[in-house]
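Peer 1:
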Amino acid sequence: MTQLALVIDLNVCVGCHACVTSCKEWNTSGEAGPMVDKYAYGENPTGTFFNRVQSFEIGTYPQTETVHFPKSCLHCEEPPCVPVCPTGASYKREEDGIVLVDYDKCIGCKYCSWACPYGAREIDEKQRVMKKCTLCVDRIYDEALPVSERKPACVMSCPTSARLFGDVHDENSEVSKAIRERAGYQLMPEWGTKPANHYLPRRKTEIKIHKDELERVDNPLSKEERLRHNEPGKGPSLDDMSNW
Amino acid sequence: MHPAFSVIFLTTLIGAGQGLFLALFTGQIFSQFKLMPEQHEVNFFIWGSALATLLLCVGLFASFFHLGHPERAWRTATKWRTSWLSREVIALPAAIVTIAAYGLAHYLGWNTPLLTMPGGTGVDATLLLGLIATVATYALFICTGMIYGCIKFLQEWHTPLTVINFILLGTASGFTIATALSAYLHIGLVYFYANWAIFFTVVALIFRVATMLRNRNINPKSDLRSAIGINHNNIRQMAQGSMGGSFNTREYFHGKSAAFVKSIKYIFVVLAFLVPLFFLVLSLNNSAYFIPLIAVLVQYVGLLAERWYFFADANHPQNLYYQQIS
Chain A
1 MTQLALVIDL NVCVGCHACV TSCKEWNTSG EAGPMVDKYA YGENPTGTFF NRVQSFEIGT
61 YPQTETVHFP KSCLHCEEPP CVPVCPTGAS YKREEDGIVL VDYDKCIGCK YCSWACPYGA
121 REIDEKQRVM KKCTLCVDRI YDEALPVSER KPACVMSCPT SARLFGDVHD ENSEVSKAIR
181 ERAGYQLMPE WGTKPANHYL PRRKTEIKIH KDELERVDNP LSKEERLRHN EPGKGPSLDD
241 MSNW
Chain B
1 MHPAFSVIFL TTLIGAGQGL FLALFTGQIF SQFKLMPEQH EVNFFIWGSA LATLLLCVGL
61 FASFFHLGHP ERAWRTATKW RTSWLSREVI ALPAAIVTIA AYGLAHYLGW NTPLLTMPGG
121 TGVDATLLLG LIATVATYAL FICTGMIYGC IKFLQEWHTP LTVINFILLG TASGFTIATA
181 LSAYLHIGLV YFYANWAIFF TVVALIFRVA TMLRNRNINP KSDLRSAIGI NHNNIRQMAQ
241 GSMGGSFNTR EYFHGKSAAF VKSIKYIFVV LAFLVPLFFL VLSLNNSAYF IPLIAVLVQY
301 VGLLAERWYF FADANHPQNL YYQQIS
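Protein chains in written order, with the UniProt record's numbering: chain A, 1 to 244; chain B, 1 to 326.
#1: What residues from chain B crowd round A:S85, counting only those whose CB sits closer than 7 Å?
#2: Comparing alpha-carbon positions, which option in B:A194, B:V203, B:L128 lies nearest B:R289?
#3: Just the Cα atoms here: how many angstroms apart are B:A16 and B:I99?
#4: Any beta carbon from chain B within less than 8 Å of A:T66's own beta carbon?
#5: Give every residue of the same chain whose Cβ lies closer than 7 Å to the Cβ of A:W244, excluding the five residues on either side of it in the sequence, and list them in chain order.
#6: Over the uninterrupted beta strand (DSSP E) stretch that includes A:E57, give me the two end residues.
#7: Judging by CA-CA distance, which residue of A:S157, A:I107, A:G47, A:P70 is the nearest neighbour of A:C85?
#8: For A:Y141 and B:F21, I'd like the C-alpha separation in whole angstroms.
#9: Considering only C-alpha positions, which residue in the set B:R307, B:Q18, B:H2, B:S246 is nearest to B:A139?
#10: Does B:S257 pass the burial test, meaning 16 or more other C-beta atoms within 10 Å, or should it be called exposed?
#11: Alpha carbons only, please: which of B:V261, B:N234, B:G241, B:E306 is nearest the one belonging to A:P70?
#12: List in chain order: all unbroken alpha helix (DSSP H) runs of 4+ residues lying wholly within the region 18-68 of chain B.
#13: Short of 6 Å in beta carbon distance, which residues of its chain neighbour B:N231, apart from the five on each side in sequence? Order them along the chain.
#14: Is the separation between the beta-carbon of B:L51 and that of B:L181 shorter than 8 Å?
#15: Name the DSSP bridge partner or partners of B:I291?
#16: Verify the CB distance criterion: does A:E171 have a CB-CB separation below 8 Å to chain B?
#17: So that I know if they touch, is there some Cβ in chain B lying closer than 8 Å to that of A:I179?
#18: Whose Cβ in chain A lies nearer than 7 Å to the Cβ of B:K34?
#19: With A:F69 as the anchor, note down where its beta strand (DSSP E) starts and where it stops.
#20: What is the DSSP secondary structure of B:Q237, reduced to helix, strand or coil?
#21: Going by beta carbon distance, what residues of the same chain come within less than 6 Å of B:E306, once the five residues before and after it are set aside?
#22: Ignore the nearest five residues each way along the sequence and tell me which others in A:K151's own chain have a CB closer than 8 Å to its CB.
#23: Is the Cβ of B:L10 closer than 8 Å to any Cβ of chain A?
#24: Identify which residue in B:G244, B:F199, B:L274, B:K262 has its Cα closest to the Cα of B:A23.
#25: Just verifying my parser: in three-state terms, what is the DSSP assignment at A:W244?
#26: Taking the CB atoms as reference points, tell me whether B:S49 and B:H2 lie closer together than 8 Å.
#27: Given a threshold of 16 other Cβ atoms within 10 Å of its Cβ, counted over all protein chains shown, does A:M130 qualify as buried or as exposed?
#28: Between A:E190 and B:M238, which are expected to be in contact by the criterion C-beta below 8 Å, what is the C-beta distance as a whole number of angstroms?
#29: Since I believe B:F44 is in contact with B:L161 (beta carbons under 8 Å), could you give me their beta-carbon distance rounded to a whole number of angstroms?
#30: Could you tell me whether the Cβ atoms of B:L128 and B:G27 are closer together than 8 Å?
#31: Return the CA-CA distance between A:S176 and B:I206, expressed in angstroms with no decimal places.
#32: At 9 Å on the CB atoms, spell out the chain A contacts of B:K221, in chain order.
#33: Using the Cβ count rule (16 or more neighbours within 10 Å means buried), how would you classify A:S29?
#34: Under a CB-based cut-off of 8 Å, is B:V89 close to chain A?
Right, dumping it as structure tokens:
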């Protein structure tokens, strides 16, 4: 069974919000109608987003680190928001594991948003239905697009490739490999929701440079012994070689 | 959570309606099984059922204000296999219809015994309909409570106490209304109902205080570490991804100060329990109908405050992601 998901690498996310804006741009232009933006130029702008980038400061000054944390629907394998829906508007697709909302069936009771511990669902105050990340379901199967572009808009736009997209149930996929080899983890595992989206932790990439790597020990393996005559001014120069 | 007035009115009104019906039926059972002098006050049962039906209908009406698309509300009955909200949508009309039918049976005087029990008690249509309506009423109580009780990460709600409180608070307010109604109609049940109302109000107070004690020391299962998966004791949010707030900052926060929430707690303990108890005790020896009527009105205002506090008290784990606007 396929379970499409995102894997987000917190080690390379720079918090530029490109995924947020490209997500909004793609999904507000789709068939489902625009995502509301209220008072966009006012004092308190508010609107519906599928994806948000949050920033956290870890540690105590001066030993701090800023972690940028993109957050969208995690497409849980045990989605708590789906069974509570009284109309069946919220559903998880069998074929690819994407959790979707049928905007024509949703009555806007907000109960599913109460049942999501991650706050991934946001109501559209104009259409008065619940909205959430669709994993760009209208992009990833679009045969009019080149194969390389059949990815969610956020993945396409990420300048640091912090967002990977694929099937987490296929153990040979790029995302499964990333989860396996780079300690991918899930959010709030304590609730048993089994989020499909994973996050890759911060990693320290330090290069250990020994002193002898910086200061060359002269001919440590005596391999160049026979080239002694190449000392400046003694052996043949480049000019000698080319002027044969 | 953000307390929505549509839901506050829904749960308090239907609770009172259900409790009032249970009070009527308790009266009928006591009278029919000769546990007290037999009552022949048909008017009381007719008006009582009409009032209970009205309360439930007004509650149902209030619930529509919570929906973005009320015109699609018929769809909500479809997912009863998994959703307590869907089950409530079925149980609520079921309770309305059976309680209305119970009142109608009294109005039409369907008192001919259909069968006789070993003790010689006749079982008539009103008793059978009352039994069915009692089942519907309890089903509705359980559905309403479980809507909140079944969400496991709202730890303040995820306890059997939620369902018990819905049942007890509804029953207490219903019996208080029955006391006022019997006083208004000058029937001899004031003492009977006042006693029951006192009993249920005291028990409801005990369970409500027990719930508050339980929730006072609740240990949140999620914290920022599990929320973003970074194992560090000192994590501080710098930005939440929006500058002017969002659905997430409005729906899950009560938006009031801690002092305000605390004052609502004391207000509801006084108004929903202590003041009504005082007036109910007064009405034991005084049949003036305005005494229990004051108890009814004060208790209802208290229950509105109680329900507001119930919502405001629940702390949703998503709030961990929304602690700092920017």
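Here a beta-carbon is modelled for each residue, glycine too, at the ideal position from N, C-alpha and C.
Peer 2: So, from the data block:
#1: Along the first sequence, read from residue 1 onward, the residue named residue 85 of chain A stands at position 85. First, the amino acid is wrong: residue 85 of chain A is Cys here, not Ser. Near A:C85 (Cβ distances below 7 Å), the residues of chain B are K79, S83.
#2: Position 289 of the second sequence holds residue 289 of chain B. For the sequence presented, residue 289 of chain B should be read as Tyr rather than Arg. Among B:A194, B:V203, B:L128, the Cα nearest to that of B:Y289 is on B:A194.
#3: The residue given as residue 16 of chain B occupies position 16 in the second sequence. The residue given as residue 99 of chain B occupies position 99 in the second sequence. The straight-line gap from Cα to Cα measures roughly 13 Å.
#4: Locating residue 66 of chain A in the first sequence gives position 66, counting from the first residue. Interface residue (Cβ-Cβ distance to chain B less than 8 Å): A:T66 is classified as such.
#5: Residue mapping note: residue 244 of chain A aligns to position 244 of the first sequence, counting from 1. Residue placement at A:W244 is flagged as unreliable, the pLDDT there being 49, under the threshold of 50; the coordinate-derived value follows with that caveat. Nothing listed; no residue qualifies.
#6: In the first sequence, counting from the first residue as 1, residue 57 of chain A sits at position 57. The continuous beta strand (DSSP E) containing A:E57 extends over residues 51-60.
#7: Numbered from its first residue, the first sequence carries residue 85 of chain A at position 85. Among A:S157, A:I107, A:G47, A:P70, the Cα nearest to that of A:C85 is on A:I107.
#8: In the first sequence, the residue the question calls residue 141 of chain A occupies position 141. In the second sequence, the residue the question calls residue 21 of chain B occupies position 21. For A:Y141 and B:F21, the distance between alpha carbons rounds to 56 Å.
#9: Position 139 of the second sequence, counted from the first residue, corresponds to residue 139 of chain B. Closest in C-alpha terms to B:A139, from the list B:R307, B:Q18, B:H2, B:S246, comes B:Q18.
#10: Position 257 of the second sequence, counted from the first residue, corresponds to residue 257 of chain B. It is exposed - the Cβ of B:S257 has fewer than 16 other Cβ atoms within 10 Å.
#11: One-based indexing of the first sequence puts residue 70 of chain A at position 70. When each option's Cα is compared against that of A:P70, the closest is B:G241.
#12: If one requires a minimum length of 4 residues, the alpha helix (DSSP H) runs lying completely within the region 18-68 of chain B are 42-64, in chain order.
#13: Start at 1 with the first residue of the second sequence, and residue 231 of chain B comes out as number 231. The answer, listed in chain order, is R225.
#14: Reading the second sequence from its first residue, position 51 is the one you call residue 51 of chain B. Reading the second sequence from its first residue, position 181 is the one you call residue 181 of chain B. The criterion of a C-beta distance shorter than 8 Å is satisfied by B:L51 and B:L181.
#15: One-based indexing of the second sequence puts residue 291 of chain B at position 291. DSSP, once it has assigned bridges, lists no residue as partnering B:I291.
#16: On the first sequence, position 171 is the one that residue 171 of chain A refers to. No - not a single Cβ of chain B is within 8 Å of the one on A:E171.
#17: Translated into positions along the first sequence, residue 179 of chain A becomes position 179. No, its Cβ sits nowhere closer than 8 Å to a Cβ of chain B.
#18: As a working mapping, residue 34 of chain B is identified with position 34 in the second sequence. What B:K34 touches in chain A, judged by beta-carbon distance under 7 Å, is nothing: the nearest beta carbon there is about 44 Å away.
#19: As a first step, residue 69 of chain A is located in the first sequence; it is residue number 69 there, counting from the start. Segment 63-72, the beta strand (DSSP E) holding A:F69.
#20: Translated into positions along the second sequence, residue 237 of chain B becomes position 237. Residue state, collapsed to three classes: strand.
#21: By one-based count along the second sequence, residue 306 of chain B stands at place 306. Cβ-Cβ distances below 6 Å link B:E306 to F268, A272 in the same chain, with the five nearest sequence neighbours on each side left out; the list follows chain order.
#22: Sequence index remark: in the first sequence, residue 151 of chain A carries index 151 (1-based). Result list for A:K151: C136, R139, I140, F165, in chain order.
#23: Position 10 of the second sequence, counting from 1, holds the residue named residue 10 of chain B. At a cut-off of 8 Å between beta-carbon atoms, B:L10 makes no contact with chain A.
#24: Working through the second sequence from its first residue, we reach residue 23 of chain B at position 23. Taking the Cα of B:A23 as reference, the smallest distance to any Cα among B:G244, B:F199, B:L274, B:K262 is reached at B:F199.
#25: Indexing the first sequence from 1 puts residue 244 of chain A at position 244. The predicted position of A:W244 is uncertain, since its pLDDT is 49 and thus under 50; no value can be drawn from it.
#26: One-based indexing of the second sequence puts residue 49 of chain B at position 49. One-based indexing of the second sequence puts residue 2 of chain B at position 2. Going by C-beta atoms, B:S49 is not nearer than 8 Å to B:H2.
#27: Counted from its first residue, the first sequence places residue 130 of chain A at position 130. With a threshold of 16 other beta carbon atoms within 10 Å, A:M130 meets it and is buried.
#28: As a working mapping, residue 190 of chain A is identified with position 190 in the first sequence. As a working mapping, residue 238 of chain B is identified with position 238 in the second sequence. Rounded, the Cβ-Cβ distance is 25 Å, inconsistent with contact.
#29: To locate residue 161 of chain B, count along the second sequence from 1; it is residue 161. To locate residue 44 of chain B, count along the second sequence from 1; it is residue 44. In this structure B:L161 is not in contact with B:F44, their Cβ atoms being roughly 33 Å apart against a cut-off of 8 Å.
#30: Within the second sequence, residue 128 of chain B is the residue found at index 128, counting from 1. Within the second sequence, residue 27 of chain B is the residue found at index 27, counting from 1. For B:L128 and B:G27, no; Cβs fall outside 8 Å.
#31: Within the first sequence, numbered from 1, the residue matching residue 176 of chain A stands at position 176. Within the second sequence, numbered from 1, the residue matching residue 206 of chain B stands at position 206. Looking at the two C-alpha atoms, the distance is approximately 53 Å.
#32: As a working note, residue 221 of chain B is residue 221 in the second sequence. In chain order: M188, E190, W191.
#33: Taking the first sequence and counting its residues from 1, the one referred to as residue 29 of chain A is at position 29. Exposed is the call here.
#34: Residue 89 of chain B sits at position 89 when you count from the first residue of the second sequence. Nearest CB-CB separation between B:V89 and chain A: below the 8 Å threshold.
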